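Below is one structure, written out as structure tokens; the observations come after it.
Residue numbers (our numbering): 1 to 310.
Right, dumping it as structure tokens:
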């Protein structure tokens, strides 16, 4: 039986191509999954532009369990699942630890599920750093991105008053439709109102001004630097706020305290019940991975890109 995967190919468009790879060999606690859909994130695509030939990127996957884990853990054979890997998820068949798989409700499609793992879990766990959100003011920067999209919806669902940022004025209707009560256009966050929780994926000037807009005892979760990794902020404003927290977030570190399956199941149930809606801007065959990766990095579309496997 043949197997193919997306690998770094220095001569391919976007440095990514589908090539033959060895069959996956599972450990006792791993299932073999037949992948039906994958989604792209800026982090893995960015790394692929610097990685050596042959490296296999990919975090997000959805598909069917071909062979259940030998130790009896995780979903059964034939189950429709969503899963997460630290790399190599973009393949026809992969091995996934049982604790990183969640079974999908019938109403959730493979394409919808493929958007959950990195973007959905990051938003879910980042918002959790703010504690109970009911009645709080939450600022989500980069709301047209994958994480921002989920964060706006989840914060609104939790009862927060949500302000979101967009790079351009024409993106305001998109962000409002996600559930944002207010939209800020541009890199600079006004000093008022003050926010209890800030979820920032932009970095640069946006993060710098957002820190000055934190309430006393507010929490800022920094999880990306899509604009710039260099941040300048007014330390006096930050200190005057008192007991404010700046939290550096990395998903795969967070998963050390809770299996991915738990959060993935929660997200899948919210989608199945109609309370959460993944927004897929682009859906293409996985053979177009190189072009789609280039379009993602060039910001030619908002939200998530999903690739389907034949």
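Glycine included, every Cβ here is placed at the ideal spot set by N, Cα and C. No experiment lies behind these values; they were computed from the predicted model shown.
Residue i classed as buried or exposed, judged by whether at least 16 other C-beta atoms fall within 10 angstroms
i: residue 151; result: buried
i: residue 137; result: buried
i: residue 343; result: Given that the chain is displayed from residue 1 to residue 310, the structure contains no residue 343 and the question cannot be resolved.
i: residue 107; result: exposed
i: residue 60; result: buried
i: residue 264; result: buried
i: residue 84; result: buried
i: residue 252; result: exposed
i: residue 296; result: buried
i: residue 163; result: buried
i: residue 57; result: buried
i: residue 232; result: exposed
i: residue 274; result: exposed
i: residue 300; result: exposed
i: residue 256; result: exposed
i: residue 156; result: buried
i: residue 72; result: exposed
i: residue 217; result: exposed
i: residue 250; result: exposed
i: residue 113; result: buried
Through-space distance from residue j to residue i, alpha-carbon basis
i: residue 291; j: residue 13; result: 7 Å
i: residue 267; j: residue 147; result: 13 Å
i: residue 39; j: residue 142; result: 18 Å
i: residue 270; j: residue 276; result: 5 Å
i: residue 181; j: residue 42; result: 27 Å
i: residue 116; j: residue 278; result: 8 Å
i: residue 285; j: residue 18; result: 11 Å
i: residue 16; j: residue 2; result: 19 Å
i: residue 124; j: residue 154; result: 7 Å
i: residue 89; j: residue 78; result: 19 Å
i: residue 345; j: residue 261; result: Not covered by the structure: residue 345. The range shown for the chain is 1 to 310.
i: residue 212; j: residue 191; result: 6 Å
i: residue 81; j: residue 294; result: 28 Å
i: residue 160; j: residue 179; result: 10 Å
i: residue 118; j: residue 189; result: 26 Å
i: residue 235; j: residue 134; result: 29 Å
i: residue 5; j: residue 20; result: 6 Å
i: residue 128; j: residue 87; result: 25 Å
i: residue 214; j: residue 240; result: 10 Å
i: residue 319; j: residue 302; result: Any answer about residue 319 is impossible in this case: the structure gives the chain only from 1 up to 310.
i: residue 139; j: residue 210; result: 8 Å
i: residue 254; j: residue 224; result: 15 Å
i: residue 132; j: residue 158; result: 8 Å
i: residue 194; j: residue 245; result: 14 Å
Spatial neighbours of residue i in its chain, beta-carbon cut-off 8 Å, leaving aside the 5 residues before and after
i: residue 26; result: 32, 67, 69, 70, 95
i: residue 168; result: 185
i: residue 288; result: 307
i: residue 50; result: none
i: residue 91; result: 3, 4, 5, 6, 21, 24, 35, 56, 58
For residue i, three-class secondary structure by DSSP
i: residue 45; result: helix
i: residue 36; result: strand
i: residue 263; result: helix
i: residue 20; result: strand
i: residue 29; result: coil
i: residue 302; result: coil
i: residue 292; result: helix
i: residue 56; result: coil
i: residue 219; result: strand
i: residue 283; result: strand
i: residue 309; result: coil
i: residue 235; result: helix
i: residue 65; result: strand
i: residue 15; result: helix
i: residue 7; result: strand
i: residue 245; result: strand
i: residue 251; result: helix
i: residue 270; result: helix
Sequence-distant residues of its chain with Cβ nearer than 7 Å to residue i (five each side left out)
i: residue 111; result: 37, 280, 283, 306, 308
i: residue 172; result: 166, 183, 185
i: residue 105; result: 268, 269, 272
i: residue 207; result: 200, 222, 231
i: residue 176; result: 183
Close beta carbons around residue i, own chain, < 6 Å, minus the five adjacent residues each side
i: residue 53; result: 8, 10
i: residue 74; result: 31, 98, 101
i: residue 76; result: 68
i: residue 130; result: 197, 219
i: residue 55; result: 8
i: residue 63; result: 33, 34, 35, 36
CB contact check: residue i to chain B, cutoff 7 Å
i: residue 208; result: Checking the listed chains, one finds no chain B in this structure; it contains a single protein chain.
Handout entry: Residue ranges of each beta strand (DSSP E) within the segment 126-211, 3 or longer
Key = 137-140, 161-166, 182-185, 195-200
Problem - Every unbroken alpha helix (DSSP H) within the segment 82-124, with a cutoff of 4 residues, ordered by chain - result: 110-114
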